[in-house]
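**Student:** Numbering (the numbering used here), first residue to last: 68 to 287.
Next up is a structure, given as structure tokens.
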């Protein structure tokens with residue numbers, strides 16, 4: 068079956084940088100460079116959707132948070148002008164509660180979303196301020212409001228009903244999820260959509276992942 072959606076959990080880049088006696092920002096810059104290369108792979112392999120889990124709701128190290136916000140803001144600002152996006156009509160979506168982030172990051176997110184809002188040839192999702200449990204809770208709240216207003220029958224709720232109210236409602240669930248970092252866990256990523264996905268645990272920081280390792284999981 069042709070691969071239509073690849074998801075990648077981008078973890079461990081800050082720890083990788085420190086282990087290599089580099090600055091934390093070097094780890095994040097390498098990670099964002101990898102994302103750009105993987106989007107090029109997406110185009111070469113003609114995969115409609117790529118999702119990158121970049122930032123959870125809570126970053127464990129406060130110092131890392133500021134560096135990550137700065138580097139992510141810079142990456143998105145430059146990326147919004149990338150010819151690759153515009154020549155290939157790649158639509159960027161951001162999943163999560165990113166509107167609670169620092170203003171510099173919010174502005175960068177808004178710019179890249181606006182710059183690609185009319186595109187529909189390929190889709191790239193960035194999970195920022197994302198929590199898989201909160202995604203499901205928010206979907207349930209949306210459904211509960213409709214039931215309370217008498218616009219929906221509670222007995223008619225199905226799996227499809229919940230999917231329709233997820234952040235990822237417009238996208239097919241991922242075929243394969245690549246998990247990076249030391250922990251062999253999803254950390255609450257794409258909880259609803261990951262149920263039938265193949266999991267590939269690379270057991271290395273995202274910053275040191277090679278594009279060819281992702282390519283191995285693509286069936287196109």
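All C-beta atoms in this analysis are idealised placements derived from N, C-alpha and C, irrespective of residue type, glycine included.
Note that the structure is a prediction, hence the values are computed from the model and not measured.
Report, in whole angstroms, the separation of the C-beta atoms of residue 189 and residue 135, which I expect to be a contact under 8 angstroms.
**Tutor:** The pair is not a contact, with the Cβ atoms about 25 angstroms apart (cut-off 8 angstroms).
**Student:** If you run the structure through DSSP and keep just helix, strand and coil, what is residue 197?
**Tutor:** Correct three-state label for residue 197: strand.
**Student:** Taking the alpha-carbon of residue 101 as reference, which of 146, 85, 132, 115 has the nearest alpha-carbon?
**Tutor:** Nearest C-alpha to residue 101: 146.
**Student:** Residue 242 to residue 220, Cα distance in whole Å?
**Tutor:** Near 32 angstroms, if we compare the C-alpha coordinates of residue 220 and residue 242.
**Student:** Going straight from the alpha carbon of residue 267 to that of residue 224, what length do you get?
**Tutor:** The alpha-carbon atoms of residue 267 and residue 224 are separated by roughly 32 angstroms.
**Student:** Could you tell me if residue 215 is buried or exposed, where buried requires 16 or more neighbouring beta carbons within 10 angstroms of its beta carbon?
**Tutor:** Flag for residue 215 reads exposed.
**Student:** Using the Cα positions of residue 108 and residue 228, report the straight-line distance between them to the nearest angstrom.
**Tutor:** Looking at the two C-alpha atoms, the distance is approximately 33 angstroms.
**Student:** Return helix, strand or coil for residue 234, following the three-state DSSP convention.
**Tutor:** Three-state result, residue 234: coil.
**Student:** Terminal residues of the continuous beta strand (DSSP E) containing residue 162?
**Tutor:** Here the beta strand (DSSP E) through residue 162 covers 157-162.
**Student:** Who are the Cβ neighbours of residue 186 in its own chain at under 7 angstroms, not counting the five residues just before and after it?
**Tutor:** Excluding sequence neighbours, residue 186 sits near 156, 157, 158.
**Student:** Start and end of the alpha helix (DSSP H) containing residue 186?
**Tutor:** Unbroken run through residue 186: none, as it is neither H nor E.
**Student:** Let me know if residue 278 comes out buried or exposed under the rule of 16 or more other beta-carbons within 10 Å of its beta-carbon.
**Tutor:** The residue in question, residue 278, is exposed, as its Cβ has fewer than 16 Cβ neighbours within 10 Å.
**Student:** Give me the residue from 92, 151, 154 with the minimum Cα distance to residue 137.
**Tutor:** Measuring from the Cα of residue 137, the nearest candidate turns out to be 92.
**Student:** What residue range does the alpha helix (DSSP H) around residue 246 cover?
**Tutor:** Here residue 246 belongs to no alpha helix (DSSP H); instead the beta strand (DSSP E) covers 243-246.
**Student:** Using only CA atoms, which one of 193, 87, 113 lies nearest to residue 123?
**Tutor:** Ranking the options by Cα distance to residue 123, first place goes to 193.
**Student:** State the Cα-Cα distance for the pair residue 287 and residue 73, rounded to the nearest angstrom.
**Tutor:** Rounded to the nearest angstrom, the two C-alpha atoms are 12 angstroms apart.
**Student:** I'd like to know whether the C-beta atoms of residue 78 and residue 248 end up nearer to each other than 7 angstroms.
**Tutor:** Yes, the pair counts as a contact, with Cβ atoms nearer than the cut-off.
**Student:** Please indicate yes or no: does the CB of residue 167 lie closer than 6 angstroms to some heavy atom of the ligand FMN?
**Tutor:** Absence of the ligand FMN from the depicted structure is noted, as is the absence of any ligand whatsoever, leaving it without description.
**Student:** Going by DSSP, name the residue or residues bridged to residue 74.
**Tutor:** DSSP, once it has assigned bridges, lists 118, 244 as partnering residue 74.
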